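To start, the structure under review is shown below, and the notes come after it.
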Amino acid sequence: MEIYETTDADFEKLKEFMELVDSEFFPPLSSRPGGINGRISGNLARHHLIAEIEGRVAGVIGYRKNWNGTGEAYVSFIAVHPEYRRKRIACSLDTALMQKLSVDGISYLPDPGR
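Going by my numbering, the sequence shown opens with residue 2, and the numbers climb by one from there.
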């Protein structure tokens, strides 16, 4: 499994994945302001990590940096492809994000409502 930061080149791949898991969110991502395209294009290059297995997107974690000007970040989206569930992919994505944020000097905030 490879985990990497998204770039503009990943737009279609990320869109296809979010469309796959759309109905598992409430409300669905597609029915929220901006829809799936807006969610991706607003922060694609800096705010998603993709877990890929044999060229397929197995999972995605999205996050927001500098939450409310605090220098902290929180997870805004996490999902795993139905075929790859129960393989600790979400855990691997979370760990990769914590490591990335640590290198960037940003605190990880698991619950923005605290």
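All residues carry an ideal CB built from backbone N, CA and C; glycine is no exception. Computed from a prediction, not measured in an experiment: that's the story for all the values here.
Assuming residue i and residue j form a contact by the criterion Cβ under 8 Å, report the distance between their Cβ atoms to the nearest whole angstrom.
{"i": "Y5", "j": "I51", "result": "6 Å"}
{"i": "L94", "j": "G60", "result": "5 Å"}
{"i": "L15", "j": "T8", "result": "10 Å between Cβ atoms; not a contact."}
Candidates the options: which alpha carbon is nearest residue i's?
{"i": "G56", "options": "D11, F26, G36", "result": "D11"}
{"i": "G70", "options": "D23, S32, I107, V22", "result": "I107"}
{"i": "I54", "options": "F27, G63, P29, K88", "result": "K88"}
Is residue i close to chain C, meaning its C-beta is less than 8 Å from at least one C-beta of that chain?
{"i": "R86", "result": "The question asks about chain C, but that chain is absent: this structure has only one protein chain."}
So, at 7 Å on beta carbons, what are the nonlocal neighbours of residue i in its own chain, with the 5 sequence-adjacent residues on each side left out?
{"i": "C1", "result": "This structure gives no information on residue 1, because the portion of the chain shown stretches from 2 to 115."}
{"i": "V81", "result": "A59, G60, I90, A91"}
{"i": "R65", "result": "H48, A74, Y75, S77"}
For residue i, collect the residues of the same chain with a Cβ closer than 8 Å to its Cβ; drop the 5 residues on either side in sequence, then sort them by chain order.
{"i": "S31", "result": "E20, D23, I37"}
{"i": "K101", "result": "E6, L50"}
- Can you check the stretch 28 to 115 for any beta strand (DSSP E) of at least 3 residues that lies completely inside it and give the ranges in chain order? 49 to 54, 57 to 65, 73 to 81
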